[in-house]
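Colleague: The structure under discussion is supplied below as structure tokens; questions concerning it will follow.
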Amino acid sequence: MLTTMHRAERISSQLSGVNVVSIISDRSFPRHTHDEYGIGFMVSGGHESWSGRGHVEASTGDVITVNPGEVHDGLGRKGAPRQWKMLFLDLAIIGRYAETDRSGQEFTNPVLSDRQTCAAIAQAVTALSSPTEEEAFAEECLILALAAIGKVPVHRGKTGRPDYSWAVRCALDKIAAEADGALNLADLADAAGVSRFQLLRRFSAEVGTTPHNYLIQYRVNLARRKIRAGHPLAEAAVSSGFADQSHMTRAFVRQYGLSPGHFTKDIV
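With the sequence shown counted from 1, adding 491 to any position gets you my numbering.
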């Protein structure tokens, strides 16, 4: 699909572990995950997606959430542009600022229609996006947003690793151990002791995406962590399993809508 509109911005806020992302796009995003919690709202347009919590439809003014490691995709309603703004919070932030302990918990509802919650999140996004805003005020806004989102039902997530089948777990472990090397479906199937067809079918059903897509998103997340830690882009690309920086850039833009350079802004 040819993109006619796509603008994305990522801002490192005054608070460590809190980042703001603003996107307006008619682009479709493939299934992927984030390492962080995400809370945000739809500024305009409509958004549809598949997620591990079911089918998602969000409209202007709706609050949207995403859990760490949750597989999801996204597209504009009827292919039309939509705009949304998100706060991405490292896991430690939730424990530090939330009114109640949410460690190990997950948002149950991916979409919430609540004007007060949306307003609180919008104020936090504005404060955390402004380089001239005082840190104390930005921190207060974040706490109020988390207090508001605290009204959203949550459930205690499973501790430890999900209950994948043995074959799928073997494939996931091999990806985690060797994502920086050359891996293909045959390698993963051999490690799992099943045929390529069997692994593809089981993996897609249990994880929510194909082994290849999972490998690419794993490499993207690995590279993102390296970039945030200060590694040069070219080095982060190769050490994360990409052929070169251009391959990494295409994967970042496809998954996040943002180029790798946006993540160098975390470096002080």
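Where is the CB? At the ideal position from N, CA and C, for every residue including glycine. These numbers were taken from a predicted model, which means no experiment stands behind them.
#1: Taking C-alpha atoms, which residue in G508, N558, G567 and Q607 lies nearest to Y528?
#2: Return the residue from the list R687, R498 and E630 that minimises the CA-CA distance to V659.
#3: So if DSSP puts V547 in a beta bridge, which residue, or which two residues, is it bridged to?
#4: What do you get for H523, buried or exposed, if any count of 16 or more other CB atoms within 10 angstroms of its CB means buried?
#5: Suppose contacts are defined by Cβ-Cβ distances below 8 Å. Is I612 in contact with G531 by that definition?
#6: Could you tell me if M496 is buried or exposed, where buried requires 16 or more neighbouring beta carbons within 10 angstroms of its beta carbon?
#7: What's the C-alpha gap between D526 and G570?
#8: Which stretch, first to last residue, makes up the alpha helix (DSSP H) that contains L679?
#9: So who's on the other strand from M577, going by DSSP bridges?
#10: Identify whether Q596 lies in helix, strand or coil by the three-state DSSP scheme.
#11: Kindly indicate which three-state DSSP category E561 falls into: helix, strand or coil?
#12: Quick one: give me the first and last residue of the beta strand (DSSP E) that A499 is part of.
#13: Could you pull out every residue in the same chain whose Cβ sits closer than 7 Å to the Cβ of I584, ignoring the five residues on either side in sequence?
#14: Find out if the Cβ-Cβ distance for the pair V511, L578 is shorter than 8 Å.
Modeller: By the coordinates alone:
#1: Taking the first residue of the sequence shown as 1, we reach residue 528 at position 37. The residue among G508, N558, G567 and Q607 with its C-alpha nearest the C-alpha of Y528 is N558.
#2: In the sequence shown, the residue the question calls residue 659 occupies position 168. Among R687, R498 and E630, the Cα nearest to that of V659 is on R687.
#3: Mapped onto the sequence shown, residue 547 falls at position 56. Answer by DSSP bridge pairing, in chain order: S540.
#4: Counting from one through the sequence shown, the residue named residue 523 turns up at place 32. Per the 10 Å Cβ criterion, buried.
#5: In the sequence shown, the residue the question calls residue 612 occupies position 121. In the sequence shown, the residue the question calls residue 531 occupies position 40. Going by C-beta atoms, I612 is nearer than 8 Å to G531.
#6: Position 5 of the sequence shown, counted from the start, is the residue given in the question as residue 496. Exposed, since its Cβ has fewer than 16 Cβ neighbours within 10 Å.
#7: Counting from 1 along the sequence shown, the entry for residue 526 is found at position 35. Counting from 1 along the sequence shown, the entry for residue 570 is found at position 79. If I take the Cα positions, the gap works out to 27 Å.
#8: Position 188 of the sequence shown, counting from 1, holds the residue named residue 679. First-last of the alpha helix (DSSP H) with L679: L676 to A683.
#9: Looking up residue 577 in the sequence shown gives position 86. Looking at the DSSP output, M577 bridges to V512 and G531.
#10: As a working mapping, residue 596 is identified with position 105 in the sequence shown. In the structure shown, Q596 sits in a strand (DSSP, three-state: E or B).
#11: Here residue 561 corresponds to residue number 70 of the sequence shown, with the count starting at 1. In this structure, E561 counts as coil in the three-state DSSP scheme.
#12: Taking the first residue of the sequence shown as 1, we reach residue 499 at position 8. First-last of the beta strand (DSSP E) with A499: H497 to S503.
#13: Stepping through the sequence shown from its first residue, residue 584 is reached at position 93. Correct list, in chain order: G508 and V509.
#14: In the sequence shown, the residue the question calls residue 511 occupies position 20. In the sequence shown, the residue the question calls residue 578 occupies position 87. Contact: yes.
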